[in-house]
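The opening residue of the sequence shown carries number 139 in my numbering; numbering runs sequentially from there.
Cβ coordinates follow ideal geometry from the N, Cα and C atoms, glycine included.
Fair warning: this is a prediction, and the values are worked out from it, not measured in the lab.
As structure tokens, the structure follows; a few thoughts come after it.
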Amino acid sequence: MIDVSAYYSQLFGSKITGFRLEPDDYGDDPWPTFVLVTADGTTLEMCLSRDPEGNGGGFAFIAPPASAEGQR
Numbered sequence: 139m140i141d142v143s144a145y146y147s148q149l150f151g152s153k154i155t156g157f158r159l160e161p162d163d164y165g166d167d168p169w170p171t172f173v174l175v176t177a178d179g180t181t182l183e184m185c186l187s188r189d190p191e192g193n194g195g196g197f198a199f200i201a202p203p204a205s206a207e208g209q210r
């Protein structure tokens with residue numbers, strides 16, 4: 139099993155430098171894809187998927203942190 143915390147932690151300090159919607163090969167939802175540059179200068183792509191198996195494009199919930207909004 140993957141260490142999810144370590145997996146996502148590799149993005150700390152990264153800067154988003156691009157975005158595109160990649161079409162799905164089967165006409166399903168497109169893949170939201172971000173281009174990032176990490177703190178050490180490495181370029182990565184981050185695709186949002188509906189599940190770990192890559193069964194189609196996904197969705198990200200973007201909101202201020204809970205501490206900025208009060209209790210959710």
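Nearest to residue i (by Cα), restricted to the options the options
{"i": "Tyr145", "options": "Pro190, Gly196, Gly195 and Ala198", "result": "Pro190"}
{"i": "Ala177", "options": "Ser187, Pro168, Ser147 and Trp169", "result": "Ser147"}
{"i": "Pro161", "options": "Ser187, Leu174, Ser143 and Val175", "result": "Ser187"}
{"i": "Cys185", "options": "Gly156, Ile140, Ser143 and Phe150", "result": "Gly156"}
Identified DSSP bridge partners for residue i
{"i": "Pro190", "result": "Partner(s): none; Pro190 has no beta bridge."}
{"i": "Met106", "result": "The structure shown has nothing for residue 106, since the chain only spans 139 to 210."}
{"i": "Gly151", "result": "Paired residues: none, contrary to the question."}
{"i": "Phe157", "result": "Phe172"}
{"i": "Gly195", "result": "Ser187"}
DSSP state of residue i mapped onto helix, strand, coil
{"i": "Tyr146", "result": "helix"}
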